[in-house]
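Asks: I am attaching a structure below and will ask some questions about it afterwards.
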């Protein structure tokens, strides 16, 4: 792949929203992909992207993108790869339409994550699940396919659990989250609700975290994905943080003879297929372990590995489940746009798309 | 007690600090107690309290207190009851001195909480532990005694667990906290560290929460206190909240046939000795259960029951330990000054002091 | 008035919004007024208020109000006094309708503030402007009338300037504001926009502050109100504060021989008609001056005088305009609901309404 | 200069503090300078820098620097250029010592800013003032010299006023600031004081802003610097923002026939000597004007031009002084470390040092 001269045209669906903007930011100067089309709401279709968008990220929006015309959600365009930042209800009808037209749809929406023939993939964790797209295509009669990337908490949790599962087995995972406001999009959380406050509830979040973690860590065998037999219990909270979801984890492993040092070594040594292939968006170390007793912290560590690494700290014994630790994942990069792009890079590198 | 005309003189040690200020605020217009003496650092001793203190609470400081002279830490004064907001190291030497002089010392310091002859008491939870002061007095040869009130997380946790322990038994408690900055005193947490951030570490906090919860829920029998055989595992975090510690709790009960509704009923029906005696600082309902799915919240619920009630919400099943819920305790009132005052009211009402 | 036994029935329009909730909170246990009717959006009309509202204030909503039926915006009801927390566009059509039906409408909406026959009144500042309601009634053929109370910045600014105008004359006022998020209602400002941020713009705010301050400080003569010939220049900013608008003021007085001490004395001695009449919601001191060099502060001073006083600090020379100082006004109480209620109390006490 | 192969060794004084860390961050990979020595407190001298420092910036500290030994404040070392992030009182004695030893001291401390033979320089504004070092050297008998860079508000204010002064003349400047917490160093502002709050006072800040702005905009003639005859009045506030000082400015120009468009053009066209020379740390546009009505904002614009540009917005008429606008300056980069480094680059490029 890396030898290719010509970049693959890609599209971003729902390009004016917060996740859409992150996609656009991360695709600017991408070595393999070239942003060729953007879609938005029916109402704004036809406008120049730069006129339709209120750019909310601290970065300067890429000049080339500003001049693209904003297409309607169901518009036709040429781009083998499509990144979907659509709202759930819109994604539900548009993503199958685009897959049927032959696009490889990498979706951040939750609509099809739990469909049995749709892979829910963290590239370092369960790249083998991508094989299910063959069943998906044949069953649904699509030329293209849908690949999903999961919830912004489930992704870093699955990533951190993967080396533990490989080395020791994982039986139970009890997690409590402290999630950043950017996880709710824009306008998202009202300032009145979160300034100097904690909200101990995020709609449908706990269910997603629990079942998606199980699917990420599940097995692909004989054309089917089986969720991992891991019990996951989540309590999700919103806190007054801008970027980076913090997660306190207690975990029961499959073996009793494991020390904190063993966990730390497993975290540190972990490398996935993206690292082996040297994909452009792959962090060198997918899991960075901090030794300081008061890290990770969202304000300091959310951008480690360009926001693509999970940062782990405070690995220590738990008197109930055996082990506990804290992890931080950048929710709009590793937990959303970046995860999708990494999945697309992986499939492009495998030669499945964009050839 | 309530018939008494004359109020009992009381002193506040460490009166210029944040917890000291809370004591003074709560003692203004107290029906039974009258603030008669305040102590501060050696350096400021001799100053008028109003000149020595930088009043940091949003309230107006009580005018009468402003004119009291600030006494040195080891000064002698007439006041049967003493509230200690001393730092740990100072408390270690001063509290025994005052107890030996005959004062009933109600201490918010951690120095003697785990001493085996010192009661660590939440008035609604383990009032019977107060009997150990007799052993304390005779063993140490003191005319007075020390009663402690515990960590600002352990107090509301023990209070919420008490009705569960009584009704169903409690085996395991896994908690994750999101604690307010006022828990660290003043200047406490640097704004650089907490603004838009989470700090996943509070020095010695997890240990305190674990062992104090066990002692609170322990038994007094034959002149000795035995900590409860409950496994407690805590992860403590600091968040950008002013008042009110949030705690996510997962609990394994002693019985399997308990529903969320049973827990809620147990919380709601719970009353302790302070409620039965109608103590002035006792909240009508020590545990208030909110039905909304997004409560409690510190910015909205920290002052329920004048800050003396614990607010519980989101009671629901936990796939790992059986039950989970969220609780909120006002850390400087229920978790500090108010807990001490309630203990003193209880012993005054029992006729043990101030007669 | 104070001798009256029977309380005057009042209604709150737009009762489910943030300002509506503040009205309801302040009217609970009001000695003169009794909440008899509440209106809301057409869509929710017919519901029980307690079912229609999401109570967002930290207080417990008054139980009696919870059972009131929510009326449609144009519903008929019996209540001589009406408090309007309607959005501007709705207020524009509903307030005249209610005035024509005979209600005394005290409006927090901006729709009629600058109408020449509608008084814009801060009870301590320009109570005499209320006389214009006679022209209003006769000109418009209404049995009732509309009285407005102004913008949440203009109110405290006018209140602070009034004693200076009386004693020294005021020529120019240059102000820069730092305004709380509650000024924008709910959901109001997105947390993404304000967390750790400042927004240097509030839609139409600067214009309102400038012209309303001039009208408040204007003169009523011969049946007409003339705005004061004071030049006002405002820069308005939103900051991450919950309650309380901070305002930095530079002022040029009509005389050159005025010292900071003269200003402070004028602030402290100021009393208006609400204080002279002892109205229930009148703060004892409408302007409280703090001597500390770092006050007022919203987190500490927003509730001074139950939120009805303006707090002033840092009175000192300005090398350009002569004098400068900082002021704080509670935006939802003094700057909104409380200002309206005080106006109604004043007119009730004058015997104009509710007889 | 840019042709030079060998980088000039530089030292950072007070290297463990917040400004010291910024210097180190900005000097990593600097094309002309190479960090050769770091000093810290007497107490920590001798430790490895990486052991002595608690790195508080979100970036990863440069590995090479971590291994430098921390020198005592008065230690001797080889490095023609010295950047001082010393506290005022230490700077007062150490900086002259180092200047006398022959070092070119670029100081962020306030100790010598107003000394008449010490240049106070913003490289784009008053590079000509650097000539005064000749008087400084001869008068004080030093081989080296001290150049200072001013207060973190005065720097961006002077930078924004410079093109106005050049084109139209400036008579009066009334400013109100909303300053980030990083301006106070570490631990700096207590979280209790600033969370959800505004503090309307910063010790000695207003005086510094006023007199330093006058000196920056003053004239160097015949071996002396004369402060500009501009009246400056400042009100300084601390707000809950991490990086970036916001300033609301009202300005009276020397001419009456100037439009907002004229100001905007002057801002946009402005280039200083650093731009003409293409210094490594010089922003392409020293003043960036945003057209949106709600910009600049610290959370979005603090890093424009790598934190070295001043961002201006909302240029519009002021009814009192003629013109008003909002500006934002990155306080630890443009307002501190970056300003110093730019001054050093300028003098190195002029051939004055490091030859």
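Protein chains in written order, with our numbering: chain C, 2 to 356; chain D, 2 to 356; chain W, 2 to 356; chain G, 2 to 356.
Glycine included, C-beta positions come from ideal geometry on N, C-alpha and C.
These numbers were taken from a predicted model, which means no experiment stands behind them.
1. Hey, out of 80/G, 103/G, 169/G, 238/G, whose CA is closest to residue 205/G's CA?
2. Taking Cβ-Cβ distances below 8 Å as the criterion, which residues of the region 249 to 282 of chain G are in contact with chain C?
3. Taking three-plus beta-carbon pairs below 8 Å as touching, is the region 289 to 299 of chain D in contact with the region 244 to 260 of chain D?
4. With residue 172/G as the anchor, note down where its beta strand (DSSP E) starts and where it stops.
5. CB residue 16/D to CB residue 86/D, shorter than 9 Å?
6. Mind reading off the beta-carbon distance from residue 165/D to residue 321/C? Whole number of angstroms is fine, and I expect it under 8 Å.
7. Quick test of your reading: residue 57/C and residue 35/C, contact by CB under 8 Å. State the CB separation rounded to the nearest angstrom.
8. By the three-class DSSP mapping on this structure, what secondary structure does residue 217/C have?
9. Could you give the distance in angstroms between the alpha-carbon of residue 270/W and the alpha-carbon of residue 98/W?
10. Have a look at 192/D, 59/D, 292/D and flag the residue whose alpha-carbon is nearest the alpha-carbon of residue 303/W.
11. Which residues mark the beginning and the end of the beta strand (DSSP E) in which residue 261/W is found?
12. Residue 234/G: which of 120/W, 318/W, 95/W sits nearest, CA to CA?
13. Taking residue 111/C as the reference, give the member of 138/C, 139/C, 156/C with the closest Cα.
14. Name the one or two DSSP bridge partners that residue 35/D has.
15. Consult DSSP for residue 226/D and reduce its assignment to one of helix, strand or coil.
16. Using a Cβ cut-off of 9 Å, pull out every chain W residue sitting near residue 200/C, in sequence order please.
17. Where do the ends of the beta strand (DSSP E) carrying residue 329/C lie?
18. Out of 285/W, 315/W, 92/W, point me to the one whose CA is closest to residue 1/W's CA.
19. According to DSSP, is residue 150/W part of a helix, a strand, or is it coil?
20. Within a Cβ cutoff of 6 Å, which residues of the same chain sit near residue 54/C, ignoring the five residues on either side of it in sequence?
21. Should the region 193 to 208 of chain D be called in touch with the region 270 to 285 of chain D, which here means at least 3 C-beta pairs below 8 Å?
22. At a Cβ threshold of 9 Å, is residue 196/W touching chain D?
23. Counting only the same chain and skipping the five closest in sequence on each side, list residues whose C-beta sits under 6 Å from that of residue 216/D.
24. Tell me which same chain residues have a C-beta within less than 6 Å of the C-beta of residue 327/C, skipping the five on either side of it?
25. Using 9 Å as the limit for Cβ to Cβ distance, is residue 59/D near chain W?
26. For residue 139/D, count the other beta carbons within 10 Å of its own beta carbon; 16 or more makes it buried, fewer makes it exposed. Which is it?
27. Would you please verify whether the beta carbon of residue 53/C is less than 9 Å from any beta carbon of chain G?
28. Using a C-beta cutoff of 9 Å, does residue 304/C count as contacting chain G?
29. With 9 Å set as the bound, which would you pick, yes or no: does the beta-carbon of residue 193/C sit closer than that to a beta-carbon of chain W?
30. Quick one: Cα of residue 68/C to Cα of residue 212/C, how far?
31. For residue 157/W, go through chain G and note every residue whose CB falls closer than 9 Å to its CB, in chain order.
32. From 62/C, 104/C, 88/C, pick the residue whose C-alpha is nearest to that of residue 76/C; which is it?
33. Have a look at residue 257/W and residue 263/W and give me their C-alpha separation to the nearest angstrom.
34. Check the DSSP bridge columns for residue 236/G and list the partner residues they point to.
35. Counting only beta-carbon separations shorter than 9 Å, does residue 20/D have a partner in chain G?
36. Please compile the residues from chain C whose C-beta is within a distance smaller than 9 Å of the C-beta of residue 315/D.
Replies: On the basis of the data shown:
1. When only C-alpha atoms are compared, the closest one is 238/G.
2. For the region 249 to 282 of chain G, no residue has a beta-carbon sitting nearer than 8 Å to a beta-carbon of chain C.
3. Three or more Cβ pairs closer than 8 Å define a contact, and the region 289 to 299 of chain D meets that threshold against the region 244 to 260 of chain D.
4. For residue 172/G, the enclosing beta strand (DSSP E) covers residues 171 to 180.
5. Closer than 9 Å, so yes.
6. Not quite, the Cβ-Cβ distance comes to about 16 Å (not below 8 Å), so this is no contact.
7. With 8 Å as the limit, residue 57/C and residue 35/C do not qualify as a contact, their Cβ atoms being about 24 Å apart.
8. The three-state reading of DSSP puts residue 217/C in helix, counting H, G and I together.
9. Roughly 41 Å separates the two Cα atoms.
10. It is 59/D.
11. Annotation for residue 261/W: no beta strand (DSSP E) segment contains it, though the alpha helix (DSSP H) segment containing it runs 261 to 270.
12. When each option's Cα is compared against that of residue 234/G, the closest is 318/W.
13. When the alpha-carbon of residue 111/C is set against those of 138/C, 139/C, 156/C, the nearest one is in 156/C.
14. In the DSSP secondary-structure assignment, residue 35/D is bridged to 10/D.
15. Assigned with DSSP and collapsed to three states, residue 226/D falls in strand.
16. For residue 200/C, no chain W residue has a C-beta closer than 9 Å to its own C-beta; the minimum C-beta separation is roughly 10 Å.
17. Per DSSP, residue 329/C belongs to the beta strand (DSSP E) from 323 to 330.
18. As displayed, chain W neither begins before 2 nor continues past 356, which places residue 1/W out of reach and without an answer.
19. In this structure, DSSP gives residue 150/W a state outside helix and strand, which the three-state scheme calls coil.
20. The answer, listed in chain order, is 17.
21. Counting C-beta pairs closer than 8 Å gives fewer than three between the region 193 to 208 of chain D and the region 270 to 285 of chain D, which falls short of the contact rule.
22. Yes, residue 196/W counts as interfacial toward chain D.
23. Around residue 216/D, the same chain offers 121, 228 as residues with beta carbons nearer than 6 Å, after the five sequence neighbours per side are excluded.
24. So the qualifying residues of the chain are 249, 314, 315.
25. For residue 59/D, the answer is yes, since a Cβ of chain W falls inside 9 Å of its Cβ.
26. Residue environment analysis places residue 139/D among the exposed positions, since fewer than 16 neighbouring C-beta atoms fall within 10 angstroms of its C-beta.
27. No, no contact with chain G.
28. Between residue 304/C and chain G, the shortest Cβ-Cβ separation is below 9 Å.
29. Yes, because at least one Cβ of chain W sits closer than 9 Å to the Cβ of residue 193/C.
30. When rounded, the distance between both Cα atoms is 41 Å.
31. Within chain G, no C-beta atom comes nearer than 9 Å to that of residue 157/W; the closest sits roughly 14 Å away.
32. Relative to the Cα of residue 76/C, the nearest Cα in the group 62/C, 104/C, 88/C belongs to 104/C.
33. Looking at the backbone, the Cα of residue 257/W and that of residue 263/W are separated by about 12 Å.
34. Looking at the DSSP assignment, residue 236/G forms a beta bridge with 177/G.
35. For residue 20/D, no Cβ of chain G is located within less than 9 Å of the residue's own Cβ.
36. By Cβ distance, chain C contributes 201, 202, 236.
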